[in-house]
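Heads up: the sequence shown at position 98 corresponds to 97 in numbering that gives the first Met the number 0, and the numbers run straight through without jumps.
Built from N, CA and C at the ideal position, the CB exists for glycine as well.
Predicted model only: the values in this text are computed from it and were never measured.
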Amino acid sequence: MSEAQTEKRKRILSGIQPTGTPTLGNYVGAVRNWALLQKDYDCLYMIADLHALTVRQVPADLRRRTRELAALLLATGIDPVKNVLFVQSHVPAHCELSWILACNTQFGELSRMTQFKDKSAKHPDNVNGGLFTYPVLMAADILIYNADLVPVGQDQTQHLELARNIAGRFNGVYGDTFTLPEGYVPAAGAKLMSLAEPTKKMSKSDTNLNSFVLMTDDKDTIVRKFKRAVTDSDGQVRFDRENKPGVSNLMTIYSVFTGKTMEEIEAEFAGRGYGDFKLAVAEATADALVPVQTEYDRILADKDYVDSVLRDGAERASRLANRTVSKVYRKVGLLQLDRH
Ligand code: ATP
Ligand code: LTN
Numbered sequence: 000m001s002e003a004q005t006e007k008r009k010r011i012l013s014g015i016q017p018t019g020t021p022t023l024g025n026y027v028g029a030v031r032n033w034a035l036l037q038k039d040y041d042c043l044y045m046i047a048d049l050h051a052l053t054v055r056q057v058p059a060d061l062r063r064r065t066r067e068l069a070a071l072l073l074a075t076g077i078d079p080v081k082n083v084l085f086v087q088s089h090v091p092a093h094c095e096l097s098w099i100l101a102c103n104t105q106f107g108e109l110s111r112m113t114q115f116k117d118k119s120a121k122h123p124d125n126v127n128g129g130l131f132t133y134p135v136l137m138a139a140d141i142l143i144y145n146a147d148l149v150p151v152g153q154d155q156t157q158h159l160e161l162a163r164n165i166a167g168r169f170n171g172v173y174g175d176t177f178t179l180p181e182g183y184v185p186a187a188g189a190k191l192m193s194l195a196e197p198t199k200k201m202s203k204s205d206t207n208l209n210s211f212v213l214m215t216d217d218k219d220t221i222v223r224k225f226k227r228a229v230t231d232s233d234g235q236v237r238f239d240r241e242n243k244p245g246v247s248n249l250m251t252i253y254s255v256f257t258g259k260t261m262e263e264i265e266a267e268f269a270g271r272g273y274g275d276f277k278l279a280v281a282e283a284t285a286d287a288l289v290p291v292q293t294e295y296d297r298i299l300a301d302k303d304y305v306d307s308v309l310r311d312g313a314e315r316a317s318r319l320a321n322r323t324v325s326k327v328y329r330k331v332g333l334l335q336l337d338r339h
């Protein structure tokens, strides 16, 4: 591809926190699409380790998980040569821009963020400043690369809207600086629900281990977890989010991996009960995850390779990010000395 064509490609930025092993929700809602989008976009994919610190982490676990997550992302098919795969804390410019953006974000705006409210309720003993300003750092992650598109699950759309508002306001005050990012939320599976409490989002930091399927779970575990998944007592495989949240969630998962519509699924399992249905969902899920897991084991065995990808990613991301920070510093009036 010629340089001119490369330049015209739109840019994507997305992130995932190394707070635990990614779940099926992370995979279907976000990560699965990352590898698919690299065909048509220039992509930067980031492991949001600084965001992970908003919740207390065990340092050794965080370090290990960061590398594991990089290997897992590579295993989904992300090409680290065509795209940039990096760790957030390796690009200090994110924090620099975050401060400037924080000075252009209102307390009231941040107070309205539902993730802040949810996580404060979940960790009442640690409602820290980072948890509150989390969306500002996320806005910096996106705006620093002038990303056009941000593929995320539904739970992140409010943060994305805030990033757009911050960018728009900044552009209004200081002149055109940032691209206004669009969300890319998949039509199906944008929000998978907990298998144990299907009215709650499936979350990798849930303390109930039966509430999620992990991307690294083997087939037996997947079958066991789906068998235990909470459904209802009417015994009919029918899509009705309101009244049958458990069954509807399983149907969504089955639909994502088989490409079948809800009507086709209803017809397939008419009169067959939940046992057969759950087994079919488990098999479709395991079939999709096993190839990723095999790749994951292979890649993780070569730590030097994973680290070299991250080193290269940090360098390439930093080059882009530093340019934006210099521009922003100049616009807001920070004195910059000539580099001689
Ligand atoms: P935590 O439980 O630590 O808050 P998380 O499981 O919500 O983590 P994140 O790292 O915050 O995961 O999210 C990574 C990506 O996965 C985001 O794009 C997010 O929107 C998406 N995602 C998270 N949970 C789900 C879900 N249940 N269904 C669909 N997408 C999801
Ligand atoms: N907040 C996101 C993770 C994240 C992110 C980003 C996603 C951090 N920075 C930038 C998209 C773009 C989450 O999934 N909880």
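{"Item": "Do you know offhand how far glycine 258's Cα is from isoleucine 252's?", "Value": "10 Å"}
{"Item": "When you compare each of Gly234, Pro185, Ala313 to serine 254 by their alpha carbons, which one comes out closest?", "Value": "Pro185"}
{"Item": "Within the same chain, show all residues whose beta-carbon is closer than 7 Å to that of glutamine 37, passing over the 5 residues directly before and after it, in chain order.", "Value": "Ile77, Asp78, Lys81, Asn82"}
{"Item": "Nearest to asparagine 103 by CA position, among Gly245, Asp39, Arg168, Thr206, is which residue?", "Value": "Arg168"}
{"Item": "Contact between the segment 143 to 152 and the segment 171 to 188 is defined here as three or more beta-carbon pairs at a separation below 8 Å; is this criterion met?", "Value": "yes"}
{"Item": "Check whether the Cβ of methionine 201 lies closer than 7 Å to any heavy atom of the ligand ATP, and answer yes or no.", "Value": "yes"}
{"Item": "Measuring alpha carbon to alpha carbon, tell me which of Glu263, Leu100, Gly129 ends up nearest valine 236.", "Value": "Glu263"}
{"Item": "Just tell me which of Asp216, Pro134, Leu213 has its CA closest to the CA of arginine 111.", "Value": "Pro134"}
{"Item": "Label valine 289 either buried or exposed according to how many other C-beta atoms from any shown protein chain fall within 10 Å of its C-beta, with 16 as the threshold for buried.", "Value": "exposed"}
{"Item": "For glycine 258, does the three-state DSSP call read helix, strand or coil?", "Value": "coil"}
{"Item": "Is threonine 18 buried or exposed, if buried means 16 or more other CB atoms sit within 10 Å of its CB?", "Value": "buried"}
{"Item": "For aspartate 41, which three-state DSSP category applies?", "Value": "strand"}
{"Item": "Secondary structure at proline 150, three-state DSSP: helix, strand or coil?", "Value": "strand"}
{"Item": "Taking 7 Å as the cut-off, does the CB of glutamine 37 come closer than this to any heavy atom belonging to the ligand ATP?", "Value": "no"}
{"Item": "For serine 97, count neighbouring Cβ atoms within 10 angstroms of its own Cβ and tell me buried if that reaches 16, exposed if not.", "Value": "buried"}
{"Item": "Could you give the DSSP three-state label for threonine 22: helix, strand or coil?", "Value": "strand"}
{"Item": "Nearest-angstrom Cα distance between valine 172 and asparagine 248?", "Value": "45 Å"}
{"Item": "Is any heavy atom of the ligand ATP found at a distance shorter than 7 Å from the C-beta of glutamine 155?", "Value": "yes"}
{"Item": "Report the option in Glu108, Ala69, Val86, Glu282 whose CA atom is closest to the CA atom of lysine 218.", "Value": "Glu282"}
{"Item": "Can phenylalanine 211 and threonine 22 be called in contact, C-beta distance under 8 Å?", "Value": "yes"}
{"Item": "If you count every other CB in all the chains shown that lies within 10 Å of the CB of phenylalanine 268, and 16 or more means buried, which is it?", "Value": "buried"}
{"Item": "Which word fits aspartate 48, buried or exposed, when buried means at least 16 other C-beta atoms lie within 10 angstroms of its C-beta?", "Value": "buried"}
{"Item": "If aspartate 140 sits next to glutamine 114, beta carbons under 8 Å apart, how far is it from one beta carbon to the other, in whole angstroms?", "Value": "Between glutamine 114 and aspartate 140 the Cβ distance is about 15 Å, and since that is not below 8 Å, they are no contact."}
{"Item": "Consult DSSP for serine 325 and reduce its assignment to one of helix, strand or coil.", "Value": "helix"}
{"Item": "Can you give, in chain order, each stretch of the alpha helix (DSSP H) that sits fully within the segment 128 to 190 and has at least 4 residues?", "Value": "128 to 142, 156 to 173"}
{"Item": "Please name the residue, chosen from Ser202, Arg63, Phe177, Thr53, that lies closest to asparagine 330 on a Cα-to-Cα basis.", "Value": "Here the sequence assigns lysine to residue 330, which means asparagine is not the residue at that position. Among Ser202, Arg63, Phe177, Thr53, the Cα nearest to that of lysine 330 is on Phe177."}
{"Item": "Roughly how many whole angstroms lie between the Cα atoms of asparagine 164 and histidine 93?", "Value": "18 Å"}
{"Item": "Which term fits lysine 326, buried or exposed, when burial requires 16 or more other beta carbons within 10 angstroms of its beta carbon?", "Value": "exposed"}
{"Item": "When you compare each of Lys277, Tyr304, Leu136, Asn125 to leucine 109 by their alpha carbons, which one comes out closest?", "Value": "Leu136"}
{"Item": "Do alanine 162 and valine 305 come within 8 Å of each other at the CB atom, strictly closer than that value?", "Value": "no"}
{"Item": "Report the rounded CA-to-CA distance for glutamine 56 versus proline 123, giving the unit in angstroms.", "Value": "16 Å"}
{"Item": "Using a 10 Å radius around the Cβ and a threshold of 16 neighbouring Cβ atoms, would you call threonine 206 buried or exposed?", "Value": "exposed"}
{"Item": "Please work out which residues of its chain come closer than 8 Å, Cβ to Cβ, to aspartate 275, disregarding the five sequence neighbours upstream and downstream, and give them in chain order.", "Value": "Phe268"}
{"Item": "Suppose you measure from the CA of leucine 334 to the CA of lysine 118; what does that come to, to the nearest Å?", "Value": "38 Å"}
{"Item": "Looking only at its chain, what residues have a beta carbon closer than 8 Å to the beta carbon of glutamine 87, apart from the 5 residues adjacent to it on each side?", "Value": "Gly14, Met45, Ile46, Ala47, Asp48, Leu49, His50, His93, Asp140"}
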